[in-house]
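Novice: Chains as they are written, first to last, in numbering that gives the first Met the number 0: chain S, 0 to 156; chain C, 0 to 253.
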Amino acid sequence: MSINATLIGQMITFTLLVWFTMKYVWPPIMAALEERKTKIAEGLAAAEKGQESIKLAEKKAVGVIKEAKEQSAEIIASAHKRANDLIEESKAQAQKETERLLEAARAQIEQERLQARESLRKDVSTLALRAAEQILKEEIDKAKHQELLSRTAKQLG
Amino acid sequence: MASEGGATAYIVHHLTNEAVGEGFWTVHLDTLFFSWVLGAVFILFFKSVAEKATAGTPGLAQNFAEMLVEFVDTQVKDSFHGRSDLIAPLALTIFCWVFLWNSMDLLPIDLLPTISDLIGMSYMRDVPSTDLNSTLALSISVFFLIFFYSIKVKGFWGFAKEMTCTPFGPKLMPFNLLLKTVEELAKPISLGLRLFGNLYAGELVFILIALLPPLIQPLLGFPWAVFHILVITLQAFIFMVLTIVYLSLACEDH
Numbered sequence: 000m001s002i003n004a005t006l007i008g009q010m011i012t013f014t015l016l017v018w019f020t021m022k023y024v025w026p027p028i029m030a031a032l033e034e035r036k037t038k039i040a041e042g043l044a045a046a047e048k049g050q051e052s053i054k055l056a057e058k059k060a061v062g063v064i065k066e067a068k069e070q071s072a073e074i075i076a077s078a079h080k081r082a083n084d085l086i087e088e089s090k091a092q093a094q095k096e097t098e099r100l101l102e103a104a105r106a107q108i109e110q111e112r113l114q115a116r117e118s119l120r121k122d123v124s125t126l127a128l129r130a131a132e133q134i135l136k137e138e139i140d141k142a143k144h145q146e147l148l149s150r151t152a153k154q155l156g
Numbered sequence: 000m001a002s003e004g005g006a007t008a009y010i011v012h013h014l015t016n017e018a019v020g021e022g023f024w025t026v027h028l029d030t031l032f033f034s035w036v037l038g039a040v041f042i043l044f045f046k047s048v049a050e051k052a053t054a055g056t057p058g059l060a061q062n063f064a065e066m067l068v069e070f071v072d073t074q075v076k077d078s079f080h081g082r083s084d085l086i087a088p089l090a091l092t093i094f095c096w097v098f099l100w101n102s103m104d105l106l107p108i109d110l111l112p113t114i115s116d117l118i119g120m121s122y123m124r125d126v127p128s129t130d131l132n133s134t135l136a137l138s139i140s141v142f143f144l145i146f147f148y149s150i151k152v153k154g155f156w157g158f159a160k161e162m163t164c165t166p167f168g169p170k171l172m173p174f175n176l177l178l179k180t181v182e183e184l185a186k187p188i189s190l191g192l193r194l195f196g197n198l199y200a201g202e203l204v205f206i207l208i209a210l211l212p213p214l215i216q217p218l219l220g221f222p223w224a225v226f227h228i229l230v231i232t233l234q235a236f237i238f239m240v241l242t243i244v245y246l247s248l249a250c251e252d253h
């Protein structure tokens, strides 16, 4: 139980151990701990940020969808309107065309009628003349009765 | 086990160091050997962890080392408010080394002495902390550090003033000096003797239990060993905490 040189040996060993721990053990382990701490803090911050941006994106998406819905409704409405307009327009055009065709037909009919009447008048006067000629071969003077004949033909037309 | 020479011889045999040298220059080979081996265990373990230390997911060894480091770091931050790169590694070294010393006490009392008998050594004490030289070596080193930090923080005159003018003012200077000297000297002595006393007593109880009839030994040995797990941890912890406290006191300016 005596104090002796073992004490000095133990002190030297102790000093060496402390020196070694201070130099090569403590700093790297502490550094790793600190680094992990920062990493975790960063990770947590990033996660929070991510969640926030998700929320933001969701809000944005809802807005975009709403806008798109509105736009599509607008487009559909305008398309409906355009279709109606087109129908109305074509209806009107068709009406117009019909009227035009009708008009043309009428005009043509009138023309043809006039022509027919004219030719009929001519034919009738010729026929009448011929008939009269046949009947009154002998005594009728063509030149003398011309005026009478044409008056008759006019009455027929 | 009490065959050769009776109980007294057995006890004395167990409490004698394997030594070389004469007088003061005696060296306890067993104490030094186990201290070195345990110191190497401590250093190699922590060195291997420190080399591979990663900020990512730690392995089992790193986890364990980090647990110890953070435990010590918390203790240091709780009591020591200055900034020092030495205190925390010092505390870690003390805690681990002393714990390893003490844990040798849990080995069967006759295991290592029997083995050393076989290789021709006459004595073997395998618990370094039951050697007063070990515990005083630590506490005297701490004492030097207290001295060093006192002068470093307060300056030589500040330290001299504290030694002579407290606690009763300059008029009672010699008395103050005496009181403070005793106070300062009491620190390393109590620190070293506390650890030594606890472990020496624990060892002695194990030796006494080993002298009992074999059937009764487990009945007493088991509870004492379980209790001793607490004691060895607690003593290592106390040594560390008191070191931190003494050093923080040395660094505080009054």
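C-beta: ideal position from N, C-alpha, C; glycine also.
#1: At what residues does the alpha helix (DSSP H) containing E73(S) begin and finish?
#2: If distances are taken between C-alpha atoms only, which option among T151(S), E87(S), L101(S), G62(S) comes closest to T125(S)?
#3: Using the Cβ count rule (16 or more neighbours within 10 Å means buried), how would you classify A82(S)?
#4: With burial defined as no fewer than 16 other Cβ atoms inside 10 Å of the residue's Cβ, what is the status of S133(C): buried or exposed?
#5: Alpha carbon to alpha carbon, how far is L248(C) from D109(C)? Give it in angstroms, no decimals.
#6: Pull out every residue of the stretch 21-40 of chain S whose Cβ sits closer than 9 Å to any Cβ of chain C, in chain order.
#7: Distance, Cα to Cα, V11(C) vs V17(S)?
#8: Counting C-beta neighbours from all protein chains within 10 Å, is the total for M172(C) 16 or more, i.e. buried, or is it exposed?
#9: Contact criterion: CB-CB distance below 8 Å. Does N62(C) meet it with respect to chain S?
#10: If you run the structure through DSSP and keep just helix, strand and coil, what is V26(C)?
#11: Closest to G8(S) by CA distance: which of L105(C), S140(C), F238(C), T15(C) is it?
#12: Please say whether A159(C) and W181(S) have beta carbons closer to each other than 8 Å?
#13: With a threshold of 8 Å between beta carbons, is N132(C) in contact with chain S?
#14: Can a CB atom of chain S be found closer than 8 Å to the CB of D84(C)?
#15: So that I know if they touch, is there some Cβ in chain C lying closer than 8 Å to that of L6(S)?
#16: Would you mind stating whether V126(C) and W96(C) have Cβ atoms separated by less than 8 Å?
#17: For A40(S), which of V40(C), E50(C), L37(C), A54(C) has the nearest alpha-carbon?
#18: If contacts are defined as beta-carbon pairs under 8 Å, then L211(C) and L219(C) qualify, I think. What distance do you get, rounded to the angstrom?
#19: Of the residues G119(C), L43(C), P169(C), D77(C), which one's Cα is nearest the Cα of M239(C)?
#20: Mind listing the chain S neighbours of L89(C)? Cutoff is C-beta to C-beta under 9 Å, in chain order.
#21: Helix, strand or coil: which one does DSSP assign to A54(C)?
#22: Can you find the residues in the same chain that come closer than 7 Å, C-beta to C-beta, to E146(S), ignoring five residues on each side of it along the sequence?
#23: Quick one: measure Cβ to Cβ for Y148(C) and L246(C), integer angstroms, because I've assumed they're closer than 8 Å.
#24: Residues of chain S with CB under 9 Å from E202(C), in chain order?
#25: Does the structure place the stretch 173-180 of chain C close enough to the stretch 114-122 of chain C that three or more beta carbon pairs sit under 8 Å?
#26: What residues from chain S crowd round W24(C), counting only those whose CB sits closer than 9 Å?
#27: Could you pull out every residue in the same chain whose Cβ sits closer than 6 Å to the Cβ of M66(C), ignoring the five residues on either side in sequence?
#28: Would you decide whether P187(C) is buried or exposed? Buried here means 16 or more other CB atoms lie within 10 Å of its CB.
#29: Which residues in the same chain have their Cβ closer than 6 Å to the Cβ of F79(C), if we skip the five residues on either side of it in sequence?
#30: If you reduce the DSSP assignment to three classes, tell me which class A4(S) lands in.
#31: Would you check if the stretch 39-47 of chain C and the stretch 196-212 of chain C touch, i.e. whether three or more CB-CB distances between them fall below 8 Å?
#32: Roughly how many angstroms lie between the CA atoms of E157(S) and S77(S), to the nearest whole one?
#33: Give a yes or no on whether the minimum CB-CB distance between Q9(S) and chain C is below 8 Å.
#34: Report yes or no: is there a C-beta of chain S within less than 8 Å of the C-beta of A159(C)?
#35: Out of A49(C), T56(C), I93(C), which one is the CA nearest neighbour of L161(S)?
#36: Give me, in chain order, the residues of the same chain whose beta-carbon lies closer than 6 Å to that of M103(C); leave out the 5 immediate sequence neighbours on both sides.
Specialist: The relevant details are as follows:
#1: Counting along the chain, the alpha helix (DSSP H) containing E73(S) begins and ends at 25-134.
#2: Closest by alpha carbon: T151(S).
#3: It is exposed - the Cβ of A82(S) has fewer than 16 other Cβ atoms within 10 Å.
#4: With 16 or more other Cβ atoms from the protein chains shown falling within 10 Å of its own Cβ, S133(C) counts as buried.
#5: Distance between the alpha carbons of D109(C) and L248(C) is about 42 Å.
#6: Correct list: M21, K22, Y23, V24, W25, P26, P27, I28, M29, A30, A31, L32, E33, E34, R35, K36, T37, K38.
#7: The alpha-carbon atoms of V11(C) and V17(S) are separated by roughly 34 Å.
#8: Exposed: under 16 other Cβ atoms inside 10 Å.
#9: It does not: the Cβ of N62(C) has no partner Cβ on chain S nearer than 8 Å.
#10: In the structure shown, V26(C) sits in a strand (DSSP, three-state: E or B).
#11: Cα-wise, what sits closest to G8(S) is S140(C).
#12: Residue coverage of chain S in this structure runs from 0 to 156, which leaves residue 181(S) outside it and unanswerable.
#13: For N132(C), at least one C-beta of chain S is nearer than 8 Å to its own C-beta.
#14: True, the Cβ-Cβ gap to chain S drops below 8 Å.
#15: Taking Cβ atoms only, chain C reaches closer than 8 Å to L6(S), which makes this a yes.
#16: No, these two residues do not count as a Cβ contact at 8 Å.
#17: The shortest CA-to-CA distance from A40(S) to any of V40(C), E50(C), L37(C), A54(C) is the one to A54(C).
#18: So it is a contact: roughly 7 Å between Cβ atoms.
#19: Taking M239(C) as reference, the option from G119(C), L43(C), P169(C), D77(C) with the minimal CA-CA separation is D77(C).
#20: Within chain S, the residues near L89(C) are V17, T20, M21.
#21: A54(C) carries a coil assignment under DSSP once its states are collapsed to helix, strand and coil.
#22: Counting only Cβ-Cβ distances below 7 Å, and skipping sequence neighbours, we find nothing.
#23: Right, their Cβ atoms sit about 6 Å apart.
#24: In chain order: nothing, as chain S lies at least about 13 Å away.
#25: Because the criterion of three Cβ pairs below 8 Å is not met, the stretch 114-122 of chain C and the stretch 173-180 of chain C do not touch.
#26: In chain order, N3, A4 make up the part of chain S whose C-beta sits under 9 Å from the C-beta of W24(C).
#27: Sequence-distant Cβ neighbours of M66(C) in its own chain, meaning closer than 6 Å and more than five residues away, do not exist here.
#28: By the neighbour-count rule (16 or more Cβ atoms within 10 Å), P187(C) is buried.
#29: Non-local beta-carbon contacts of F79(C) in its own chain, meaning distances under 6 Å to residues more than five positions away in sequence, involve I86, I243, S247 in chain order.
#30: Of the three classes helix, strand and coil, the one that applies to A4(S) here is coil, per DSSP.
#31: Short answer: they don't touch.
#32: The question about residue 157(S) has no answer here: the residues shown for chain S are numbered 0 through 156.
#33: Yes, Q9(S) counts as interfacial toward chain C.
#34: Chain S, which has no Cβ nearer than 8 Å to the Cβ of A159(C), makes this no.
#35: Nothing can be reported for residue 161(S): it is not among the residues displayed for chain S, which extend from 0 to 156.
#36: Residues D125, V126 of the same chain have their beta carbon placed closer than 6 Å to that of M103(C), with the five preceding and five following residues left out of the count.
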